[in-house]
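As structure tokens, the structure follows; a few thoughts come after it.
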Amino acid sequence: MCGQQCEDPSGLLIVVEGIDGSGKSTQIHLLHRWLLSEGYKVFFSEWNSSPLVKGTTKLGKKRKTLTPSTFSLFHATDFADRTEHQIIPALKAGAIVLADRYQFTAFARDAARGVPRAWVRNLYGFSQKADLAFYFRVPLEVSLERILTGRAQLKYYEAGMDIGLSDDIRESFKLFQSRILNEYDAMVDEFGLTVIDGTGTIEEQQAQMRQIVSDYLSEHEGVRRDSRRGGNGQIPVLR
Ligand SMILES: Nc1ncnc2c1ncn2[C@@H]1O[C@H](COP(=O)(O)OP(=O)(O)OP(=O)(O)O)[C@@H](O)[C@H]1O
Ligand SMILES: [Mg+2]
-2 MCGQQCEDPS GLLIVVEGID GSGKSTQIHL LHRWLLSEGY KVFFSEWNSS PLVKGTTKLG
58 KKRKTLTPST FSLFHATDFA DRTEHQIIPA LKAGAIVLAD RYQFTAFARD AARGVPRAWV
118 RNLYGFSQKA DLAFYFRVPL EVSLERILTG RAQLKYYEAG MDIGLSDDIR ESFKLFQSRI
178 LNEYDAMVDE FGLTVIDGTG TIEEQQAQMR QIVSDYLSEH EGVRRDSRRG GNGQIPVLR
């Protein structure tokens, strides 16, 4: 890892954020395919995917033993592991790194669980600054409908059942996710998030994303050049 942050990585870090079911994964996968087709070397990293803590987090969730602070710390460990072993090396190698959820997920969720905002922001002080952070904003009802169309039930932690907002899981989901939504909305100015209306069609949203990324790449010729595949374009990281 290059110090606290990679001061001048040759790559580009693009992240997607938003409440559950807001369409983040759909959009970042389409962006991924497009960037590859344009000839860029791309590395994808997903929230809570580090082999170091993934199993333990899963166990803690299954046994419902995670508290707001241990929940926060496990996810921060996952994030640190991926930052050091995946994200920074890929950026240094000139890749475009796509992250499905980034530190803003922790800022929003942990604060919604009552963890002090300043404490969580400080915890993530080591993170690499995102070049573009997209926030897919959708109303709660849209999120709930999309999630329940895809599967039968809400999950205990995504509904915030661990903090006892309501015994009814749907009601708890609404209360918890509305807190998260408020946290995201408050972060738009604080961190300069790029807001996309997540209620638009998949195609409309993807067209906006591609335009914003294209404009960014045009303004940063260095990234455009270094991120092209070919030459020494191998990314020295493991998935
Ligand atoms: N613009 C859209 N209009 C209608 N349905 C959509 C739209 N975008 C995504 N969906 C659908 O909504 C569901 C959730 O989308 P997706 O998995 O991309 O959300 P997500 O933000 O990644 O959710 P999570 O936080 O749970 O990972 C999927 O079934 C997807 O096909
Ligand atoms: Mg997703």
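No gaps in the numbering here: position 5 of the sequence shown is 2 in the numbering used here, and each next residue is one more.
Idealized CB from N, CA, C, for every residue including glycine.
In the DSSP assignment, find the alpha helix (DSSP H) that holds residue i and state where it starts and stops.
{"i": "Val139", "result": "137 to 147"}
{"i": "Leu33", "result": "21 to 34"}
Thinking C-beta only, is residue j closer than 8 Å to residue i?
{"i": "Asp159", "j": "Lys61", "result": "yes"}
{"i": "Leu27", "j": "Gln203", "result": "yes"}
{"i": "Ala183", "j": "Phe123", "result": "no"}
{"i": "Glu180", "j": "Ala108", "result": "yes"}
{"i": "Thr67", "j": "Gly52", "result": "no"}
{"i": "Ser224", "j": "Ile84", "result": "no"}
{"i": "Trp44", "j": "Arg98", "result": "yes"}
{"i": "Ala156", "j": "Phe173", "result": "yes"}
{"i": "Gly111", "j": "Gly8", "result": "no"}
{"i": "Leu129", "j": "Ala73", "result": "no"}
{"i": "Ile144", "j": "Gly18", "result": "yes"}
Let's test the definition: count the other Cβ atoms within 10 Å of the Cβ of residue i and tell me whether it reaches 16, buried, or not, exposed.
{"i": "Gln24", "result": "buried"}
{"i": "Arg236", "result": "Its pLDDT being 28, under 50, Arg236 is placed unreliably by the model, and the measurement read from it follows with that caveat. It is exposed - the Cβ of Arg236 has fewer than 16 other Cβ atoms within 10 Å."}
{"i": "Glu142", "result": "exposed"}
{"i": "Leu38", "result": "For the record, residue 38 in the displayed sequence is Lys; it is not Leu. So Lys38 ends up on the buried side."}
{"i": "Ile193", "result": "buried"}
{"i": "Glu200", "result": "exposed"}
I believe residue i touches residue j by the beta-carbon criterion, under 8 Å. Please report the beta-carbon distance rounded to the nearest angstrom.
{"i": "Ile209", "j": "Thr191", "result": "6 Å"}
{"i": "Gly20", "j": "Phe131", "result": "Not really, about 10 Å apart at Cβ, beyond 8 Å."}
{"i": "Thr196", "j": "Val117", "result": "In fact, because the Cβ distance is near 28 Å, the residues do not count as touching under 8 Å."}
{"i": "Ala127", "j": "Ile16", "result": "Rounded, the Cβ-Cβ distance is 18 Å, inconsistent with contact."}
{"i": "Phe71", "j": "Thr54", "result": "5 Å"}
Which stretch, first to last residue, makes up the beta strand (DSSP E) that contains residue i?
{"i": "Leu9", "result": "9 to 14"}
{"i": "Leu49", "result": "Unbroken run through Leu49: none, as it is neither H nor E."}
{"i": "Phe132", "result": "The sequence given here places Tyr at residue 132; Phe does not occur at that position. Note, Tyr132: beta strand (DSSP E), 129 to 134."}
{"i": "Ser42", "result": "39 to 43"}
Whole beta strand (DSSP E) elements within the stretch 66 to 121, 3-residue minimum: 93 to 97
Whole alpha helix (DSSP H) elements within the stretch 138 to 216, 4-residue minimum: 166 to 188, 199 to 216
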